[in-house]
Amino acid sequence: MVEDDVILAKEVSRGLVEYGIGVDTVENGHDAIVAATTSAFDAVIIDVMLPSTMDGFAVCRELRHRRIGAGIMMLTGRDAVRDRVTGLEAGADDYVVKPFSAPEVVARVRTQLRRLRGPETVQPTLRVGAVELDLEARRCTVDGVEVELTRRQFDLLAALMENRGRVHTREQLLDEVWGSRYLSAKTVDVHIAGLRRQLGDAITIASLRGVGYRLEP
């Protein structure tokens, strides 16, 4: 947990420990980068406003740049849509706005961990047109050229490719990819937009207004 509010950090940590989840805490972005790149963590909780030149968004971007595979949750008092979008595009998997309760954060972390530890029941390689997903190596290629995707973008694309031609509601995608339907539906929209930018014309993800998305065969 990257949080300079010692009281809040202790409160959330205590709730996690009650469920058998070990927690390390740091108070600034630099220490967070060092900790996350020298030890293996399943989840990282980051306060957006940190007492250094590196805010939480910058920490999140750096962790994703270094291919840290842990789930990332942002904590912040900034609830504007643009801030939520910034956090998600930086690579965050969840975005929790203050004030919040420690039990809520604990529940969201446990959801992240269930998703990370869940069994994989999918085939090792998925192909649609020129796009290929190697699920074991977690590599996406277009005509043999690798395209870098965030962890959530990759999982979202895998869910769509596994059931190409089928309509997925936002709630279904939240449940399948994020492991929870209690996140904002805009979370899915932001990640779909990111996939479209990354893959261009190599793939077609159709929007069904008021329903969800469909990957065209």
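If you want my numbering, it's the 1-based position in the sequence shown plus 2.
Every residue, glycine too, gets a C-beta built ideally from N, C-alpha and C.
Give the single residue among Val108, Gly196, Glu138 whose Cα lies nearest to the Cα of Arg16.
Val108
Measuring only the C-alpha atoms, how far is Arg80 from Asp191?
20 angstroms
Measuring CB atoms only, is the region 168-176 touching the region 143-152, in the sense that at least three cross pairs come out at less than 8 angstroms?
no
Helix, strand or coil for Thr143 per DSSP?
strand
Check whether Gly181 and Thr113 have beta carbons under 8 angstroms apart:
Yes.
Do Leu159 and Leu135 have their beta-carbon atoms positioned less than 8 angstroms apart in this structure?
yes
Contact belief for Val111 with Leu18 at Cβ below 8 angstroms, rounded distance in angstroms:
6 angstroms
Candidates Leu217, Leu115, Met75: which alpha carbon is nearest Arg168's?
Comparing Cα-Cα distances from Arg168 to each of Leu217, Leu115, Met75, the minimum goes to Leu217.
Considering only residues of the same chain and omitting the five flanking positions on each side of Ala132, which have a CB-CB separation below 7 angstroms?
Val144, Asp145, Ala204
Just the Cα atoms here: how many angstroms apart are Ile48 and Thr152?
18 angstroms
As assigned by DSSP and simplified to three states, the class of Ala11:
helix
For Ala72, three-class secondary structure by DSSP:
Three-state DSSP puts Ala72 in coil, outside helix and strand.
Are the CB atoms of Glu164 and Leu128 within a distance shorter than 8 angstroms?
Yes. Within cutoff.
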